[in-house]
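Reading through the structure tokens given below for one structure.
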Amino acid sequence: MTTVETSVREGVAHLVLDRPSALNALDTDTVLAMRGALDRWRGDPGVRAVVVRSGTPRAFCAGGDIRAIREAALRGDFAATTRFFGEEYALNQEIAEYPKPYVALIDGVAMGGGLGISVHGAVRVATERSVFAMPETLIGFFPDVGACFFLPRLRGALGRYLGLTGARLSGADAVKAGLATHFIPSAELPEFTAALDTAELDDALAKYARIPPPSDLDDIGGRVAAAFAPGALSEVVDRLRADGSAWAETTLGSLAAASPLSLRLTDEMLRLGERDSLAPCLRRDLEVAARLVREPDFAEGVRAKLVDKTGDPRWSFASGEAVPQERIAALLGG
């Protein structure tokens, strides 16, 4: 079954994600289909730009097919899990280095791997229906797909906040943060896409892009910067408790729901990513992902959140302080 529809029209290549029953979650076949198309178009003089979008209004891309990855891990097929991550991260790198404009129309949910196939591109269009998030700590994993490269580069400790808590951003928030480059109302995306047949990309963007609605980051940006400033995770918790606002209470709840192992690992990955370019971040992602899927927290987190949907994960550690530093070092390959 085809999960990606490809076509070229008037010099613009189109990648349409077509796996609606899974909210366009990425599996190995989907990733390989995207890579194959991009490889074909890279040197094609008849292609001047690439547009990736969803064929369903329900989501842009809900991430990697994490349930299938869990199933492979449970049966001990770690070759399959490593192959998926390797192909996915290679796709992320290819998008970042693509020699032609890569335009992602992020209309709907974009989580985890959905950001990997959009945020690394040159043009990232958000709408009023967009939802951006990296919720991996809530399933015993970590923000991968190069997130440890792009999250630390967001202003005001926003990347640390998003990576640790899995907090969601609206389309307006994403433009404010820099994860999206433009805002176009969802209803106008078909017109924008059709305009690319006869207009240059910059001209079409100038015609259809709009000023985004007000962003919630205008209200909480200062709180985020204060609470998630450098310091241990315990200090972050103390700052949030001292803040006492409704936002702080919600954020404390998100941290409490996450895997303590994932929180400690993610915090270290974000710190390491501050100094690296994308390529070494993706190489580290692959090494860590290959190890982390063997950890009990991954299978348990996916079970509680996505399989049984009971919301009652039994994590390996009671708190971040209880996670031995040696455990984190081993996951990082140290």
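Numbering follows our numbering, with no gaps: position 131 of the sequence shown is 114.
Ideal Cβ placement from N, Cα and C applies to all residues, glycine included.
Cβ pair residue i, residue j closer than 9 Å
i, j, result
"Ala32", "Thr(-11)", "no"
"Pro126", "Met252", "yes"
"Ala178", "Lys190", "yes"
"Thr148", "Ala241", "yes"
"Ser153", "Val114", "yes"
"Gly317", "Phe124", "no"
"Asp156", "Ser217", "no"
"Phe353", "Leu261", "No statement about residue 353 is possible, as the shown extent of the chain runs from -16 to 317 and does not include it."
"Leu248", "Leu314", "yes"
"Thr13", "Ala63", "no"
"Thr16", "Val34", "Note on identity: in this sequence residue 16 is Ala, with Thr being the wrong assignment. Not a contact, by the Cβ cut-off of 9 Å."
"Arg18", "Leu74", "yes"
"Ala8", "Gly96", "yes"
"Asp259", "Arg267", "yes"
"Ala229", "Leu223", "no"
"Leu188", "Val271", "no"
"Ile122", "Ile49", "yes"
Cβ neighbour criterion (16 or more within 10 Å) applied to residue i
i, result
"Pro195", "buried"
"Ala312", "exposed"
"Leu275", "buried"
"Glu70", "buried"
"Arg286", "buried"
"Leu57", "exposed"
"Ser245", "buried"
"Leu289", "exposed"
"Gly91", "buried"
"Pro296", "buried"
"Asp201", "exposed"
"Glu278", "buried"
"Thr120", "buried"
"Thr293", "exposed"
"Asp250", "buried"
"Gly146", "buried"
"Gly303", "buried"
"Ala215", "exposed"
"Thr234", "buried"
"Ala170", "exposed"
"Ala305", "exposed"
CB-CB length for residue i against residue j, believed under 8 Å
i, j, result
"Pro243", "Phe300", "4 Å"
"Glu111", "Pro28", "Not confirmed; about 37 Å, so no contact."
"Ala116", "Arg151", "4 Å"
"Arg(-8)", "Asp180", "6 Å"
"Phe211", "Arg143", "4 Å"
"Ala140", "Phe166", "Going by Cβ atoms, the distance from Ala140 to Phe166 rounds to 24 Å, so no, they are not a contact pair."
"Cys264", "Phe175", "With 8 Å as the limit, Cys264 and Phe175 do not qualify as a contact, their Cβ atoms being about 32 Å apart."
"Tyr81", "Val128", "Not quite, the Cβ-Cβ distance comes to about 16 Å (not below 8 Å), so this is no contact."
"Pro173", "Gly256", "37 Å between Cβ atoms; not a contact."
"Asp226", "Arg206", "6 Å"
"Thr65", "Ala273", "5 Å"
"Ala(-4)", "Val30", "5 Å"
Is there contact here, the stretch 42 to 49 with the stretch 15 to 26, by at least three beta-carbon pairs under 8 Å?
By the Cβ test, the stretch 42 to 49 is not in contact with the stretch 15 to 26, since fewer than three Cβ pairs between them sit closer than 8 Å.
Can we say the stretch 52 to 59 touches the stretch -3 to 6, given the rule of at least three CB pairs closer than 8 Å?
no
At a cut of 8 Å, does the stretch 145 to 165 reach the stretch 92 to 108 through at least three beta carbon pairs?
Yes, they touch.
Taking contact to mean at least 3 C-beta pairs separated by less than 8 Å, is the stretch 170 to 184 in contact with the stretch 79 to 92?
yes
In chain order, each alpha helix (DSSP H) run of at least 4 residues that lies wholly inside the stretch 120 to 146
130 to 133
Which complete beta strand (DSSP E) runs does the stretch -2 to 40 hold, if anything under 3 residues is left out?
Fully enclosed beta strand (DSSP E) runs of 3 or longer: 32 to 37.
Give the list of continuous alpha helix (DSSP H) stretches no shorter than 4 residues that lie fully inside the stretch 256 to 286.
Listed in chain order, the complete alpha helix (DSSP H) runs (minimum 4 residues) inside the stretch 256 to 286 are 261 to 275 and 279 to 285.
Going residue by residue through the stretch 166 to 214, where are the continuous alpha helix (DSSP H) segments of at least 4 residues, counting only ones entirely within it?
172 to 178, 184 to 191 and 200 to 210
Could you pull out every unbroken alpha helix (DSSP H) segment of at least 4 residues lying fully inside the stretch 44 to 100, listed in chain order?
49 to 57, 61 to 79 and 96 to 99
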